[in-house]
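Student:
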Amino acid sequence: MSPTIRLAPSILAADFTRLGEQIAEVEAAGADYIHIDVMDGRFVPNITMGPFIVEAVRRVTALPLDVHLMIVEPEKHIQAFADAGASFLSVHVEATQHLHRVVQQIRQAGVRPSVVLNPHTPAVAIKEILPFVDMVLAMTVNPGFGGQSFIPETLPKLREIRDLIQATGRAIDLEVDGGIDERTAPLVIAHGANVLVAGTSVFGAPEGSTAALHALRAAALA
Ligand code: DX5
Ligand code: ZN
């Protein structure tokens, strides 16, 4: 059976002067998760938000919070994000020497662990950690900024990751992040992805986030 398709709007592209309203709108429009991009200016060039914002978002939505950590030494901050209300915590395999330990730390904090691969990192890098995680996030752009173009060369890797997941016999989600819109959604799904992060194509849509999310869902189910 194919896994359920889930949509995770990324608030990186939201209007932060009305963040609560913007989240309420995508929740009403059928979003499955709220994706929160944490950047530290070291692992990636940009600086965005931390546990303080996660805690604020936790208070305005019932949806699971999918927190993407683009930070060095993620082990130092797991408890703070768990306390802030993260539902998923995604850590980059490139950001820590001791991935297994961090994943255990996340699980022990009562949060669902996920591991992330940059576009150049081979699928096999997550093979040994798969038994311990609930999700794999494959970047389809270089992390750091919203609004970048989807890198089509990442598609074969999605299929490789899905095959590795299949071999475990566990129901592990495969999430994609970067440049996801009505055009790229069917491609990533055809290659095995089932959780789609979308920032610009939802919150930046001229027709509004409700119409954009509905259109993305239709494209994903087509
Ligand atoms: C990029 C972030 C993404 C970003 C995606 O580093 O991880 O979650 O918000 O933005 P779009 O959908 O605009 O490519
Ligand atoms: Zn992200």
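For our numbering, add 1397 to where a residue sits in the sequence shown, where the first one is 1. In this text, a Cβ means the ideal position worked out from N, Cα and C, and glycines have one as well. All values derive from a computational prediction rather than experimental measurement.
Measuring from the CB of GLN1545, is there a heavy atom of the ligand DX5 at a distance below 7 Å?
Tutor: yes
Student: What three-state label does DSSP hand ALA1481 in the structure shown?
Tutor: helix
Student: So if I measure from each beta-carbon to every heavy atom of the ligand ZN and keep distances below 6 Å, which residues remain?
Tutor: Any heavy atom of the ligand ZN within less than 6 Å of a residue's beta carbon puts that residue on the list, which reads SER1407, HIS1432, ASP1434, HIS1465, ASP1574, VAL1594.
Student: Apply the 10 Å Cβ neighbour rule to GLU1525 and answer buried if 16 or more other Cβ atoms are within range, or exposed otherwise.
Tutor: exposed
Student: Using the Cα positions of ALA1522 and ALA1616, report the straight-line distance between them to the nearest angstrom.
Tutor: 31 Å
Student: Report the three-state DSSP secondary structure of ALA1602 (helix, strand or coil).
Tutor: Looking at ALA1602 - three-state DSSP - the assignment turns out to be coil, as it is neither helix nor strand.
Student: So, ALA1535 versus ILE1569, is the Cβ gap smaller than 8 Å?
Tutor: no
Student: Taking 8 Å as the limit between beta carbons, can you name the residues of its chain near HIS1489, skipping five residues before and five after?
Tutor: PHE1440, LEU1466, MET1467, PRO1471, VAL1512, VAL1513, LEU1514, ASN1515, PRO1540
Student: State whether the segment 1576 to 1588 contacts the segment 1435 to 1449, with contact taken as three or more CB pairs (one from each stretch) at a distance under 8 Å.
Tutor: no
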